[in-house]
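Engineer: Here's a structure for you.
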Amino acid sequence: MNKYLFLCTLCCFIMSVLSDLKTILEHELCSRKDNKCFTDFTRAMFDTLVKGDKEVGIESIEPSFVERIDGNMPVVKYVLRNSTLRGFDSCQFRKATLLEEEQRLKLDILCNKFHMCGLYEVNGTLIIVPVSGDGDYCIQAKKYKILVDTKISTYEGDDGKDYVKFDNYKYQAELQGGLDFNLTNLFRGNKDLSDPFLRFARGHWKMVARQIQDPPISTFLNLMIDNFNALMKHVPLDSMVKD
């Protein structure tokens with residue numbers, strides 16, 4: 001693939017994912033300089049990733065069920081089991097930046113709400129306060145800014161055509177709007193310990209988020225990227241870019 005075609009591919013793979021697979025294969029490409037078109041297609045891509053496409057076996061990720069999330073922090077360890085994740089449909093792409101020479105894509109994503117419920121186990125120190133317990137949990141976060149830096153590559157499919165996919169990625173996440181949570185059976189149900197702990201944690205939600213957020217955010221991004229790669233297996237490059 002020549003350099004120009006590869007550049008077009010990387011720009012257009014975001015723009016090409018519309019409301020369903022048929023629309024993707026039939027759409028007219030945007031100009032690389034048409035920022036409004038580029039932004040509209042970027043947002044439509046995420047909408048498709050969230051809703052899925054049953055015709056090609058891609059499931060919706062809103063909501064998502066996750067059997068286990070492990071948090072192995074230096075001073076606190078936790079396990080989240082049988083969790084339901086909601087809020088994918090509140091997210092939007094605010095900006096996409098292509099780094100052509102490095103074959104990387106940077107995404108600025110804002111999620112207005114993020115909700116998780118399930119079972120938890122925790123033991124260790126949260127900020128400066130000891131914590132332990134196991135029971136039911138619910139966590140609600142507001143306005144999560146997530147910056148994703150991902151590698152992009154192309155590969156040859158079984159049909160001999162070229163396809164595009166996300167490879168490895170890194171990210172930065174910042175909670176901007178607040179964090180609320182409910183945990184049953186903290187300190188074995190001792191309310192003299194659990195109530196002050198919850199007040200402290202809610203009053204220091206930014207510090208709490210920074211300490212515990214990485215495993216859930218990684219789970220969220222993995223679900224999104226898995227759906228993207230699954231969808232793009234059905235969209236060869238020759239249906240995305242002009243010769």
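Residue numbers 1 to 243, in full-length UniProt numbering, belong to the letters of the sequence shown in order.
Glycine residues also receive a C-beta, built at the ideal position from the N, C-alpha and C atoms.
None of the values given here were measured: they were computed from a predicted structure.
Going by beta carbon distance, what residues of the same chain come within less than 8 Å of residue 110, once the five residues before and after it are set aside?
Structural biologist: 91, 92, 94, 143, 144, 145, 146
Engineer: Would you mind listing the alpha helix (DSSP H) stretches within the region 211-237 that are 4+ residues and don't spill past its ends, in chain order?
Structural biologist: 214-232
Engineer: Using DSSP's beta-bridge definition, name the partner residues of residue 191.
Structural biologist: Its beta-bridge partners do not exist; DSSP assigns none.
Engineer: So residue 109 is in the beta strand (DSSP E); what residue range does that whole segment cover?
Structural biologist: 104-126
Engineer: Skipping 5 residues on each side, what residues in its chain have a beta carbon closer than 6 Å to that of residue 124?
Structural biologist: 75, 76, 77
Engineer: What is the rounded straight-line gap between the Cα of residue 202 and the Cα of residue 154?
Structural biologist: Straight-line Cα distance between these residues: approximately 45 Å.
Engineer: What three-state label does DSSP hand residue 149 in the structure shown?
Structural biologist: strand
Engineer: With a 10 Å radius around its C-beta and 16 neighbouring C-beta atoms as the bar for buried, classify residue 158 as buried or exposed.
Structural biologist: exposed
Engineer: What three-state label does DSSP hand residue 5 in the structure shown?
Structural biologist: Confidence is the limiting factor: at residue 5 the pLDDT is only 49, short of 50, which leaves the residue's position unreliable, though a coordinate-based value still follows. Here residue 5 sits in helix by DSSP.
Engineer: For the region 212-230 and the region 44-61, state whether three or more C-beta atom pairs, one from each stretch, are separated by less than 8 Å.
Structural biologist: yes
Engineer: Could you name the residues of the same chain whose beta carbon sits closer than 7 Å to that of residue 132, not counting the 5 residues immediately before and after it, in chain order?
Structural biologist: Excluding residues within five positions, the ones whose Cβ falls inside 7 Å are 122, 123, 187.
Engineer: Can you find the residues in the same chain that come closer than 7 Å, C-beta to C-beta, to residue 70, ignoring five residues on each side of it along the sequence?
Structural biologist: 79, 215
Engineer: So what does residue 130 bridge to, in DSSP terms?
Structural biologist: 125
Engineer: Under a three-way DSSP split, which group does residue 135 fall into?
Structural biologist: strand
Engineer: Classify residue 129: buried if its beta carbon has 16 or more other beta carbons within 10 angstroms, exposed otherwise.
Structural biologist: exposed
Engineer: Here's a check: name, in chain order, each residue in its chain whose Cβ is nearer than 7 Å to the Cβ of residue 185, leaving out the five neighbours to either side.
Structural biologist: 133, 134, 135
Engineer: Would you please state the rounded distance, in angstroms, between the beta carbons of residue 67 and residue 86? I believe it to be under 8 Å.
Structural biologist: Between residue 86 and residue 67 the Cβ distance is about 16 Å, and since that is not below 8 Å, they are no contact.
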